[in-house]
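To get the working numbering, take the position in the sequence shown, counting from 1, and add 453. For glycine and all other residues, C-beta sits at the position ideal for the given N, C-alpha and C. See structure below.
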Amino acid sequence: MSHSKGEMLYEGKAKRLYRTDDPDLLIMEYKDDLTAFDATKRGTSLGKGAINNAVSALLMGRLNDMHVETSFLNLIDANHSLVRNVKIVPIEVIIRFEAHGSLCRRYGIEPGLVCDPPLYEICYKNDDLHDPFITDQIAVLMGLATYDELAKIKYMALTIGHTLREIYLGQGIKLLDFKLEFGRYQPAGESEARIILADEITPDTCRLVDAQTGEKLDKDLFRFDMGDLGEGYRKLLDKLQASAG
Ligand SMILES: Nc1ncnc2c1ncn2[C@@H]1O[C@H](COP(=O)(O)OP(=O)(O)O)[C@@H](O)[C@H]1O
Ligand SMILES: [Mg+2]
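Right, dumping it as structure tokens:
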């Protein structure tokens, strides 16, 4: 079954979404562009989009196999994947195994503090407001989601966190934290929408370090000019592909 690229629905910082001939399906295109610090820092890295497409496909594919439903359906080519068309819940979900980044800035926590059990955090996805930290109560008050949906999202996010942590550890990589987005998927003919994992799981949205050497393998390479981003991302994909056998 092949679907051709229709009208562009949305262009974001890292991806473009296109309609297909099926209203339930979209084509996701991964760009080589990078942004950080609320898009105040911008750049591009040749080949980054293709690596992210492959990483997300591999990880979401694993989750689908475990019956954790994601928007990913199949790879189309280097930079494109076929995905389920969801209504995004405007919440960014963050799971942390160690304290880094905004958590440390916000509360003055020493970077590297271990979060055991993993920390679950939600933010309102709104660039103008700089994605502020919110609670379930605030999310419901704002009509972003229901308590039932939030419970489902939390359960799925923690399950996904555990799974990703194990996959990466198996390859000698430590997952320190990551961000997820969820959506409501209601295919034609179904009476109710269900919450599924959407968007991406890539080194743009995770903090990852080599467990042995501490070498960074994620977007911090770009954020803090810490080294060759393409090289770090490529190393990560190679290790994941090795784990897939
Ligand atoms: N399966 C999907 N269906 C519909 N929208 C999606 C899906 N996956 C991701 N999105 C949305 O598409 C956009 C992806 O582009 P991206 O470049 O990441 O945007 P942003 O600049 O908002 O981070 C995001 O707004 C994301 O919420
Ligand atoms: Mg994004």
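- For the 8 Å CB-CB criterion, Phe586 and Glu574 form a contact.
- For Ser534, the uninterrupted beta strand (DSSP E) segment begins and ends at 533-537.
- Beta-bridge partners of Ile544 (DSSP): Tyr577.
- Taken through DSSP and simplified to helix, strand or coil, Lys632 comes out as strand.
- Using a 10 angstroms sphere on the CB of Thr658, the tally of other CB atoms reaches 16 or more, which defines it as buried.
- In this model, Leu556 and Ser696 are separated by some 31 Å (Cα to Cα).
- Linking Arg660 to Glu545 through their CA atoms gives a straight-line distance of about 15 Å.
- Across the structure, Arg495 and Ser644 are spaced so that their CA atoms are roughly 42 Å apart.
- Using a Cβ-Cβ distance cut-off of 8 Å, the stretch 512-528 and the stretch 588-606 are not in contact, since fewer than three pairs of beta carbons, one from each stretch, lie closer than that value.
- Approximately 10 Å separates the beta-carbon atoms of Lys672 and Met679; this is outside 8 Å, ruling out the contact.
- Cα atoms of Thr612 and Pro656: separation of roughly 19 Å, rounded to the nearest angstrom.
- Buried is the label assigned to Glu551, since at least 16 other Cβ atoms lie within 10 Å of its Cβ.
- Distance from the Cα of Phe490 is smallest, within the candidate group Met595, Leu582, Ala531, Thr599, for Leu582.
- Per DSSP, reduced to three states, the secondary structure at Gly561 is coil, with no helix or strand assignment.
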